[in-house]
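Chains A, B, C and D are the protein sequences, given in the same order.
Residue numbers for the first sequence follow the numbering used here, beginning at 1 and rising by one.
Residue numbers for the second sequence follow the numbering used here, beginning at 134 and rising by one.
Residue numbers for the third sequence follow the numbering used here, beginning at 267 and rising by one.
Residue numbers for the fourth sequence follow the numbering used here, beginning at 400 and rising by one.
Scroll down for the structure; my scribbles are underneath it.
Protein chains: 4
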Amino acid sequence: MDFDLPFRMQHGFDALYGLELTEVQEGRIAARVTVRDELKQPAGLVHGGVYASIAESIASLGTQLGVAPRGLVATGLSNQTSFLRPITEGTIHAAAVAKHRGRTTWVWEVEITDDQGRLCVLTRMTVAAREPR
Amino acid sequence: MDFDLPFRMQHGFDALYGLELTEVQEGRIAARVTVRDELKQPAGLVHGGVYASIAESIASLGTQLGVAPRGLVATGLSNQTSFLRPITEGTIHAAAVAKHRGRTTWVWEVEITDDQGRLCVLTRMTVAAREPR
Amino acid sequence: MDFDLPFRMQHGFDALYGLELTEVQEGRIAARVTVRDELKQPAGLVHGGVYASIAESIASLGTQLGVAPRGLVATGLSNQTSFLRPITEGTIHAAAVAKHRGRTTWVWEVEITDDQGRLCVLTRMTVAAREPR
Amino acid sequence: MDFDLPFRMQHGFDALYGLELTEVQEGRIAARVTVRDELKQPAGLVHGGVYASIAESIASLGTQLGVAPRGLVATGLSNQTSFLRPITEGTIHAAAVAKHRGRTTWVWEVEITDDQGRLCVLTRMTVAAREPR
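Here it is, written out as structure tokens:
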């Protein structure tokens, strides 16, 4: 990909919630999102959907980068997010690591931490690699 | 809750992506979101995180309404979303049904359909009912 | 399939834990297992792995029956089991319903109940339909 | 716990499928199971339920050991197993690591490998820590 890091996403939902890529490597993608009131649920915590969105984006991007050379496209199959500890301020830090790069599916584990480095969210993303329609 | 349906969420992340409640019953909550470019991922489909967010919000709200009379608060534990069919336009329709209302956890199945009524996304939400901190 | 129902599985792990098919229809499979001490965990409840095994078997069988006419084979991708209520005696009743029958993956919801008809376990099974190796 | 390692489980379902503990530490439990025909599904691979069972047992045991000093008991809430690569012979090796040790829930990641050290299965286990009934 042809951009400098950190890279703030410019389009679509990633731009809306504020995804910023900080590391893009083969099998490892990291990103961050600055907490703001617009990302919270009614109790004042970051909304669980924000974490799921970040994990979805970076695991899909990582798969897309990996399978594009074979002419395939990445499509999310499932997103399993566990909420361990709330975040209420500062920055959301996410790192996705590819645990399996199969012929038809890739599986990523995404860890999300707060500014103190505490593990707050775990996501397992399964992404299909398919022929483009 | 004291509002008329349909009710467009006014604050936080739910307002940002555009959640509108259409039905609020004991053990059943329905909602919808109008598709717009700001909700899409790079390939032009609705971003998977939008579906996860909708499911998270309505299952949490449903649990909150159910456990508030006991003085408890609802906190999401996990969100397991499977993507079956993409949505690219029109309206996202979601309906959450409580499958289990336990002493400490509630489990919801959320089905998301498109304007043609086709099942597009399944989410299982597990929500804890806890003493407020 | 050429057998009479109920059909007690004769081989492999399904025979070991005692799976008995009670209904085999397009998109719906039901089965049961008789509780015995050999199926329990240390606290005296049916072991969570027994439920996961039942769901795995019947969703895979249902997919296999559905995709075999196209020359494909069914392979489990993921098994997401939530434990709602313990079973300690009697019979474990399971019913799997196909929620999605896609070109490359099928998704099933499996509900497991006790002799009183109470919902005890929910499993979502994702099964791939692939060319045989 | 008062036993020598490796320790072959003597009772219930763990004995039936053949669970053998190989390492028991605070926040980390490892175990193995020898593959035999009785553990296979119809296509000749180890049955997915066997992996789910192993993960369930060792994550529950690890939680039980951790919360017993507080007078609590461990109860499985959910088991999310992803199948990456089949095992057909040799030994199934499993290692569970506690990613979160909360007041009310523990979350474990379990990795299952074959004799060649290849990652074959990933399980995330969520275990509740509760007052005994």
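Glycine included, each C-beta is placed from N, C-alpha and C at the ideal position.
Please read all numbers here as calculations on a predicted model, not as lab measurements.
Worksheet item: Do we get a CB-CB distance below 9 Å when we pair Gln249 (chain B) with the residues of chain D?
Response: Here residue 249 (chain B) refers to the residue found at position 116 when the second sequence is read from its first residue. Cβ-Cβ to chain D under 9 Å: no for Gln249 (chain B).
Fill in: Secondary structure, beta strand (DSSP E): runs of 3+ residues fully inside the segment 156 to 238 of chain B
Qualifying beta strand (DSSP E) stretches, in chain order: 161 to 167, 206 to 216, 224 to 234.
Discussion item. Beta carbons nearer than 9 Å to chain A: which residues of the segment 330 to 344 of chain C have them?
Written reply: Leu343, Ser344
Item to complete: Determine the extent of the alpha helix (DSSP H) in which Leu19 (chain A) is found, giving its start and end residues.
Response: Here the question's residue 19 (chain A) lines up with position 19 in the first sequence. It is not in any alpha helix (DSSP H) - Leu19 (chain A) carries neither H nor E in the DSSP assignment.
Worksheet item: Considering only the beta carbon of each residue, do Arg298 (chain C) and Pro272 (chain C) sit closer than 9 Å?
Response: The residue given as residue 298 (chain C) occupies position 32 in the third sequence. The residue given as residue 272 (chain C) occupies position 6 in the third sequence. Cβ atoms of Arg298 (chain C) and Pro272 (chain C): closer than 9 Å.
Fill in: Residue nearest to Val157 (chain B) in terms of C-alpha spacing, selected from B:Leu172, B:Phe136, B:Ala148
Here residue 157 (chain B) is taken as the residue at index 24 of the second sequence, counted from 1. With distances taken between Cα atoms, Val157 (chain B) lies closest to B:Phe136.
Item to complete: Report the residue from B:Thr167, B:Val168, B:Ser215 whose alpha carbon sits nearest the alpha carbon of Met125 (chain A).
Response: To locate residue 125 (chain A), count along the first sequence from 1; it is residue 125. Closest option to Met125 (chain A), Cα to Cα, is B:Ser215.
Worksheet entry | Reduced DSSP category for Phe7 (chain A) - H, G, I as helix; E, B as strand; rest coil | The residue given as residue 7 (chain A) occupies position 7 in the first sequence. If DSSP states are grouped into helix, strand and coil, Phe7 (chain A) belongs with the strands.
Worksheet entry | Inter-residue Cα distance where the pair is Ser326 (chain C) and Arg85 (chain A) | Numbered from its first residue, the third sequence carries residue 326 (chain C) at position 60. Numbered from its first residue, the first sequence carries residue 85 (chain A) at position 85. Note on geometry: alpha-carbon atoms of Ser326 (chain C) and Arg85 (chain A) lie some 35 Å from one another.
Discussion item. List, in chain order, every chain A residue whose beta-carbon is nearer than 7 Å to that of Thr167 (chain B).
Written reply: As a first step, residue 167 (chain B) must be located in the second sequence, where it is residue number 34. The contact set of Thr167 (chain B) on chain A, defined by CB atoms closer than 7 Å, is empty, because the minimum CB distance reaches about 14 Å.
Worksheet item: So, using beta-carbon positions, are Gly151 (chain B) and Phe13 (chain A) closer together than 9 Å?
Response: Translated into the one-based positions of the second sequence, residue 151 (chain B) becomes position 18. Translated into the one-based positions of the first sequence, residue 13 (chain A) becomes position 13. Cβ distance not < 9 Å, so Gly151 (chain B) and Phe13 (chain A) don't count as in contact.
Worksheet item: Where do the ends of the beta strand (DSSP E) carrying Arg124 (chain A) lie?
Response: Working through the first sequence from its first residue, we reach residue 124 (chain A) at position 124. Unbroken beta strand (DSSP E) run through Arg124 (chain A): 119 to 130.
Fill in: Beta-carbon neighbours of Thr525 (chain D), restricted to chain B and to distances below 9 Å
Your numbering for residue 525 (chain D) matches position 126 in the fourth sequence. Per Cβ cutoff of 9 Å: Leu210, Ser211, Thr259.
Fill in: Any C-beta of chain D under 9 Å from that of Arg28 (chain A)
For the purposes of this step, residue 28 (chain A) is identified with residue 28 of the first sequence, where counting begins at 1. No - not a single Cβ of chain D is within 9 Å of the one on Arg28 (chain A).
Worksheet entry | Cβ distance (whole Å) where Phe415 (chain D) is taken to contact Leu311 (chain C) below 8 Å | On the fourth sequence, residue 415 (chain D) is found 16 positions in, with the first residue counted as 1. On the third sequence, residue 311 (chain C) is found 45 positions in, with the first residue counted as 1. Rather than Phe, the amino acid found at residue 415 (chain D) in this sequence is Leu. Going by Cβ atoms, the distance from Leu415 (chain D) to Leu311 (chain C) rounds to 15 Å, so no, they are not a contact pair.
Practice prompt. List the residues of chain D whose Cβ lies closer than 9 Å to the Cβ of Thr214 (chain B), in chain order.
Written response: Counting from 1 along the second sequence, the entry for residue 214 (chain B) is found at position 81. The contacting residues do not exist; Thr214 (chain B) stays about 12 Å from chain D at best.
Fill in: Cβ separation of Val243 (chain B) and Ala262 (chain B), assumed to be a contact under 8 Å, to the nearest whole Å
By one-based count along the second sequence, residue 243 (chain B) stands at place 110. By one-based count along the second sequence, residue 262 (chain B) stands at place 129. Actually they do not touch by this definition, with Cβ atoms about 18 Å apart.
Worksheet item: Got a sec: which bits of the segment 94 to 105 of chain A sit with their beta carbon under 8 Å from any beta carbon on chain B, in order along the chain?
Response: none
Worksheet entry | Nearest neighbour of Ile511 (chain D), chosen from A:Ile92, A:Thr22, A:His100 [CA to CA] | Taking the first residue of the fourth sequence as 1, we reach residue 511 (chain D) at position 112. Ranking the options by Cα distance to Ile511 (chain D), first place goes to A:His100.
Worksheet item: In chain order, what residues of the segment 444 to 458 of chain D put their CB closer than 9 Å to some CB of chain C?
Response: Leu444, Val445, His446, Gly447, Gly448, Val449, Tyr450, Ala451, Ser452, Ile453, Ala454, Glu455, Ser456
Worksheet item: Would Arg529 (chain D) count as contacting chain A if we go by Cβ distances under 9 Å?
Response: As a position in the fourth sequence, residue 529 (chain D) is number 130, starting the count at 1. Closer than 9 Å to the CB of Arg529 (chain D) there is not a single CB belonging to chain A.
Worksheet item: With distances taken between CB atoms, is the gap from Ser57 (chain A) to Ala185 (chain B) smaller than 9 Å?
Response: Taking the first residue of the first sequence as 1, we reach residue 57 (chain A) at position 57. Taking the first residue of the second sequence as 1, we reach residue 185 (chain B) at position 52. Taking 9 Å as the Cβ cut-off, Ser57 (chain A) and Ala185 (chain B) do not qualify as a contacting pair.
Worksheet item: Exposed or buried, which one is Asp247 (chain B) when buried takes at least 16 other CB atoms within 10 Å?
Response: Along the second sequence, one-based indexing puts residue 247 (chain B) at 114. That one is buried.
Item to complete: Please check if any C-beta of chain D sits within less than 9 Å of the C-beta of Met107 (chain A).
Response: Here residue 107 (chain A) refers to the residue found at position 107 of the first sequence. One point to set straight first is that residue 107 (chain A) is Val, not Met, in the sequence displayed. Output row for Val107 (chain A): interface = yes.
Fill in: For Thr357 (chain C), the nearest candidate out of C:Leu343, C:Ala296, C:His277 (CA to CA)
The sequence position of residue 357 (chain C) within the third sequence is 91, counting from 1. Looking at the Cα atoms, C:Ala296 is the closest of the given residues.
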